[in-house]
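**Student:** Below are the structure tokens for one structure; questions will follow.
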Amino acid sequence: MSSPSRTRLIYDEHELGSWTRAVREPDPRLSPLLYRPLLGFEQRSAAFTRWLEPPRPALTLMIDLEGSLRVDGGRLPDAWMAGLRDRYVLVEFGGRYASLDLELTPLGAHAILGRPLSDLQGQLVTLENLFGASGRRLAERLREARDWDARFDVIEAFLLARAAAGPAADPAVAWACERLDRSEGRVSVSALAREVGCSRRYLHARFRTQVGLAPKTLARLVRFHAVRRRIERAPARWADVALDAGYCDQSHLNRDFRELAGTTPSDFLSRLLPGYGGVVGDEIPFVQDAGSASA
Numbered sequence: 018m019s020s021p022s023r024t025r026l027i028y029d030e031h032e033l034g035s036w037t038r039a040v041r042e043p044d045p046r047l048s049p050l051l052y053r054p055l056l057g058f059e060q061r062s063a064a065f066t067r068w069l070e071p072p073r074p075a076l077t078l079m080i081d082l083e084g085s086l087r088v089d090g091g092r093l094p095d096a097w098m099a100g101l102r103d104r105y106v107l108v109e110f111g112g113r114y115a116s117l118d119l120e121l122t123p124l125g126a127h128a129i130l131g132r133p134l135s136d137l138q139g140q141l142v143t144l145e146n147l148f149g150a151s152g153r154r155l156a157e158r159l160r161e162a163r164d165w166d167a168r169f170d171v172i173e174a175f176l177l178a179r180a181a182a183g184p185a186a187d188p189a190v191a192w193a194c195e196r197l198d199r200s201e202g203r204v205s206v207s208a209l210a211r212e213v214g215c216s217r218r219y220l221h222a223r224f225r226t227q228v229g230l231a232p233k234t235l236a237r238l239v240r241f242h243a244v245r246r247r248i249e250r251a252p253a254r255w256a257d258v259a260l261d262a263g264y265c266d267q268s269h270l271n272r273d274f275r276e277l278a279g280t281t282p283s284d285f286l287s288r289l290l291p292g293y294g295g296v297v298g299d300e301i302p303f304v305q306d307a308g309s310a311s312a
């Protein structure tokens with residue numbers, strides 16, 4: 018008798034299209050390494066061709082199962098991992114699309130990769146370049162798998178093996194990352210260093226290696242992502258959102274949206290795709306089309 022499925026299939030219907038999400042809670046040993054549950058995605062139909070994806074405080078690992086993507090006008094490889102970034106990207110697709118999409122915590126990515134994350138900051142690297150032949154074989158096995166349960170079993174086994182052989186996190190960095198997550202980014206670097214019991218310089222250097230960004234930049238991404246989650250759950254007055262998130266005022270919130278999401282808070286909310294992870298980007302120019310990059 019087969020064991021019950023651990024995977025939930027969620028069908029999202031929207032006036033702009035329909036898509037299916039396969040979601041599974043990971044093996045408990047992987048929970049500290051992952052920013053969200055294991056996710057599979059199938060795009061069935063869409064009335065838009067691009068979506069805008071703001072930065073997250075996580076590293077993305079993605080394997081295409083059907084179709085392909087373009088980001089900021091350039092075609093992506095079919096199996097890749099992207100480091101932390103501090104600007105939005107515009108993702109373009111055509112027709113049907115399916116993928117397995119993981120979001121790793123910085124320390125989880127450091128354990129699985131076994132290399133400084135500063136090498137990946139703002140970069141996208143193929144799994145074959147990161148893991149050699151085992152990265153290529155991972156993508157092949159995921160495409161050969163019969164269903165989402167089998168795919169998730171494959172990726173869990175791969176991550177567990179890599180993590181077991183990977184380096185341990187610096188205790189100061191691990192504590193600081195947890196503190197940033199708990200506070201939703203509302204803690205200063207000076208306070209972090211003081212609470213950890215190290216200098217700002219030491220903390221900054223260790224973050225560059227094990228996270229890929231400076232502590233202040235990671236705090237900014239954590240805070241912005243917390244705002245995203247809040248407005249996606251229940252829209253509120255923007256002044257209240259700014260105050261609750263620890264911004265000095267609403268103008269600072271607006272600036273973060275312009276720089277990190279390429280649009281205003283209200284426009285972001287109006288373009289939001291439920292269950293999709295981004296917003297419609299058809300009317301937003303690619304960065305190179307606009308003539309200047311966002312900070």
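Residues 18 to 312 (my numbering) make up the sequence shown, in order. All C-beta atoms, glycine included, are put in the ideal place defined by N, C-alpha and C. The model shown is predicted, which means the values in this text are computed figures rather than measured ones.
How would you label His127, buried or exposed, when you count the other beta carbons within 10 angstroms and need 16 or more for buried?
**Tutor:** Burial call: buried.
**Student:** Output the distance between the C-alpha atoms of Arg87 and Ala259, rounded to the nearest integer angstrom.
**Tutor:** For Arg87 and Ala259, the distance between alpha carbons rounds to 33 Å.
**Student:** To which residues of the same chain is Ala63 closer than 7 Å at the C-beta, ignoring the five residues directly before and after it?
**Tutor:** Excluding positions up to five away in sequence, the list reads Leu33, Gly34.
**Student:** As an exercise, report each continuous beta strand (DSSP E) stretch of at least 3 residues that is fully enclosed by the region 129-216, in chain order.
**Tutor:** Counting only runs of 3 or more, we get 141-143.
**Student:** Using 8 Å as the threshold, is the region 231-245 in touch with the region 76-87, meaning 3 or more CB pairs across them?
**Tutor:** Short answer: they don't touch.
**Student:** Can you tell me whether DSSP reads Tyr219 as helix, strand or coil?
**Tutor:** In the structure shown, Tyr219 sits in a helix (DSSP, three-state: H, G or I).
**Student:** So, is Glu195 buried or exposed, given that buried needs 16 or more other C-beta atoms within 10 angstroms?
**Tutor:** With fewer than 16 other Cβ atoms within 10 Å, it is exposed.
**Student:** Look at the alpha carbon of Leu50 and the alpha carbon of Asp284, and state the distance between them as a whole number of angstroms.
**Tutor:** Roughly 33 Å separates the two Cα atoms.
**Student:** Is Pro21 buried or exposed, if buried means 16 or more other CB atoms sit within 10 Å of its CB?
**Tutor:** Pro21 is exposed by the Cβ-count criterion.
**Student:** When we look at the beta-carbon of Ala312 and count the other beta-carbons within 10 Å, is it buried (16 or more) or exposed?
**Tutor:** The predicted position of Ala312 is uncertain, since its pLDDT is 28 and thus under 50; no value can be drawn from it.
**Student:** Under a Cβ-count criterion, where at least 16 other Cβ atoms within 10 Å of its own Cβ denotes burial, should Ile129 be classed as buried or exposed?
**Tutor:** The residue in question, Ile129, is buried, as its Cβ has 16 or more Cβ neighbours within 10 Å.
**Student:** So the candidates are Asp257, Ala75, Arg237, Ala256; which of them puts its Cα closest to the Cα of Met98?
**Tutor:** Among Asp257, Ala75, Arg237, Ala256, the Cα nearest to that of Met98 belongs to Ala75.
**Student:** I need the DSSP call for Thr226, collapsed to helix, strand or coil.
**Tutor:** Thr226 falls in the helix class under three-state DSSP.
**Student:** Apply the 10 Å Cβ neighbour rule to Leu220 and answer buried if 16 or more other Cβ atoms are within range, or exposed otherwise.
**Tutor:** Under this definition Leu220 is a buried residue.
**Student:** Can you name, in chain order, every residue of its own chain whose Cβ lies under 6 Å from the Cβ of Arg73, other than the five neighbours on each side?
**Tutor:** Closer than 6 Å at Cβ, skipping near neighbours: His242.
**Student:** Might you give, ordered along the chain, the residues of its own chain that have their beta carbon closer than 7 Å to the beta carbon of Gly100, omitting 5 neighbours on each side?
**Tutor:** Counting only Cβ-Cβ distances below 7 Å, and skipping sequence neighbours, we find Leu76, Leu134, Leu137, Gln138, Gly139, Gln140, Gly229.
**Student:** Within its chain, find whatever has a CB closer than 7 Å to the CB of Arg240; leave out the 5 residues flanking it on each side and keep chain order.
**Tutor:** Contacts found: Glu201, Gly202, Arg203, Ala262, Gly263.
**Student:** Opposite Tyr28 in the DSSP bridges: which residues?
**Tutor:** Answer by DSSP bridge pairing, in chain order: Thr37.
**Student:** So, are the CB atoms of Arg61 and Gly298 less than 8 Å apart?
**Tutor:** No, the Cβ-Cβ distance between Arg61 and Gly298 is not below 8 Å.
**Student:** Within this structure, are the beta carbons of Gly295 and Glu70 separated by less than 8 Å?
**Tutor:** Closer than 8 Å, so yes.
**Student:** To the nearest angstrom, how far is the alpha carbon of Ala167 from that of Glu145?
**Tutor:** Spanning the two alpha carbons is a distance of roughly 21 Å.
**Student:** Under 8 Å by Cβ, that's how I've got Arg217 and Ala210 pegged, so tell me the actual separation to the nearest angstrom.
**Tutor:** So it is a contact: roughly 5 Å between Cβ atoms.
**Student:** Alpha carbon to alpha carbon, how far is Leu197 from Glu212?
**Tutor:** Roughly 12 Å between the two C-alpha positions.
**Student:** DSSP on Gly112, reduced to helix/strand/coil?
**Tutor:** Correct three-state label for Gly112: coil.
**Student:** What's the gap between the Cα of Gly111 and the Cα of Tyr52?
**Tutor:** Rounded to the nearest angstrom, the two C-alpha atoms are 28 Å apart.
**Student:** Which residue's Cα is closest to the Cα of Leu176: Ala186, Ser151, Leu289?
**Tutor:** Comparing Cα positions, the closest option is Ser151.
**Student:** State the start and end residues of the unbroken alpha helix (DSSP H) segment that holds Phe241.
**Tutor:** Start and end: 232-250.
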